[in-house]
Amino acid sequence: MRHIICMKWGTKYEPYYVNNLYAMARRHLTGEFRFVCLTDDSEGIRPEVDCFPIPPVEIAPEAAGVRDRAWKKLTTFSPVLKDEYGLEGTALFLDLDVVVVGSLDDFFTQPGEFLIIKDYRRPWRVTGNSSVYRFEIGALPDVLQYFRDHEVEMRERFRNEQTYLSDYLHSKGKLKYWPSDWCPSFKYHGIPLWPSNYWRRPFVPDGARIVIFHGECNPPDALAGRRNRRFRFIRPATWVAEHWHE
């Protein structure tokens with residue numbers, strides 16, 4: 013059984029992010045699959061999505077004022093998914109703020125035990141971007157358990173969940189990366205170079221399957237031509253509206 017899993021907690025993302033993600037997956041994945049959202053609030057999420065509580069993290073919460081380091085995403089490796097929720101098979105995890113623009117079929121057949129996006133800015137590091145990763149449900153429980161057992165050390169050593177996840181699975185010889193053109197970054201690969209960004213619109217890079225939004229703007233911001241950093245102008249990314257909808 014193929015699963016697409018996303019996670020929504022807190023108030024950062026409205027339910028329509030989940031609904032749009034489901035719709036994009038349905039348009040770009042052939043055959044049957046199950047769409048799962050691990051969440052603390054299922055209100056407003058479309059009925060085709062199976063919602064389950066986020067498994068217990070059992071680690072210290074982020075300190076007041078500290079940016080959320082997404083440690084909750086490590087619970088996708090919790091035995092709860094298989095033992096209590098009855099999920100079995102291959103899971104493709106997608107962040108809520110990605111935009112699917114091409115076929116997802118090959119994400120389920122690409123060889124590898126665990127696949128993740130290669131770091132964009134520092135390709136010499138093993139670090140991956142966890143906006144898109146694939147694993148077998150229930151097959152890697154040690155990822156979460158090791159973190160729980162060494163929480164203080166891991167949080168001091170690693171900046172966020174994806175740096176820990178990449179390093180840990182690399183140490184086990186299980187880390188592989190998606191083909192480089194499948195999951196481009198909007199801000200690194202989809203914005204025209206200065207000064208042409210003032211008259212050219214953002215674009216979908218060649219070969220893209222999933223465009224990743226991280227750091228500066230999310231899909232609605234890109235569609236409106238907004239960035240959260242000064243002196244980094246973009247025109248509206250009108251292509252977003254063609255894909256990011258129910």
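Just remember that the working numbering sits 12 ahead of the position in the sequence shown, which is counted from 1. Note that beta-carbon positions come from the ideal geometry of N, C-alpha and C, so glycine has one too.
- In this structure, the CA atom of Arg239 is about 16 Å from the CA atom of Val223.
- Per DSSP, the continuous alpha helix (DSSP H) segment holding Val30 begins and ends at Pro27 to His40.
- According to DSSP, Tyr189 shares a beta bridge with Ile128.
- For the pair Ser197 and Tyr132, the CB atoms are nearer than the 8 Å cut-off.
- Linking Tyr29 to His182 through their CA atoms gives a straight-line distance of about 31 Å.
- Judged by DSSP secondary structure, Leu86 falls outside any alpha helix (DSSP H); it is assigned neither H nor E.
- DSSP lists Val48 and Phe105 as the beta-bridge partner residues of Ile17.
- DSSP places Glu228 outside both helix and strand once states are collapsed to three, so it counts as coil.
- In the DSSP assignment, Phe120 falls outside any beta strand (DSSP E), carrying neither H nor E.
- C-alpha of Arg160 to C-alpha of Ala236: approximately 41 Å in a straight line.
- Annotation: the continuous alpha helix (DSSP H) that includes Asp95 extends over Val92 to Asp95.
- The C-beta of Lys24 has fewer than 16 other C-beta atoms within 10 Å across all chains shown, which makes the residue exposed.
- In this structure the segment 151-165 does not touch the segment 215-231; the number of beta carbon pairs closer than 8 Å is below three.
- Counting only residues of its own chain and dropping the five nearest sequence neighbours on each side, Gly114 has a CB closer than 7 Å to the CB of His40, Ala220 and Arg221.
- For Tyr158, no beta strand (DSSP E) encloses it; the enclosing alpha helix (DSSP H) starts and ends at Asp154 to Asp161.
- Its chain contains Gly140, Asn141, Tyr189, Trp190 and Ser192 as the residues whose beta carbon lies nearer than 8 Å to that of Lys130, once the 5 sequence neighbours on both sides are disregarded; these appear in chain order.
- Assignment of Glu173 by DSSP, reduced to helix, strand and coil, places it in the helix class.
- Distance from the CA of Arg79 to the CA of Ala72, rounded to the nearest whole angstrom, comes to 14 Å.
- For Val216, the CB contacts under 6 Å within the same chain, skipping 5 residues up- and downstream, are Val113 and Trp251 in chain order.
- According to the DSSP assignment, Glu254 belongs to the alpha helix (DSSP H) that extends over Val252 to His255.
- Excluding sequence positions up to five before and after Cys49, its CB lies within less than 8 Å of the CB of Ile17, Cys18, Met19, Lys20, Val30, Ile57, Val61, Asp62, Cys63 and Phe64, all in the same chain and listed in chain order.
- Taking 8 Å as the cut-off, the beta carbon of Arg14 is found closer than this to the beta carbon of Gly101.
- Of the residues Val111, Glu168 and Leu104, the one whose Cα lies closest to the Cα of Gln122 is Leu104.
- The secondary-structure analysis by DSSP pairs Pro65 across a beta bridge with Thr51.
- Around Ala253, the same chain offers Leu235 as residues with beta carbons nearer than 8 Å, after the five sequence neighbours per side are excluded.
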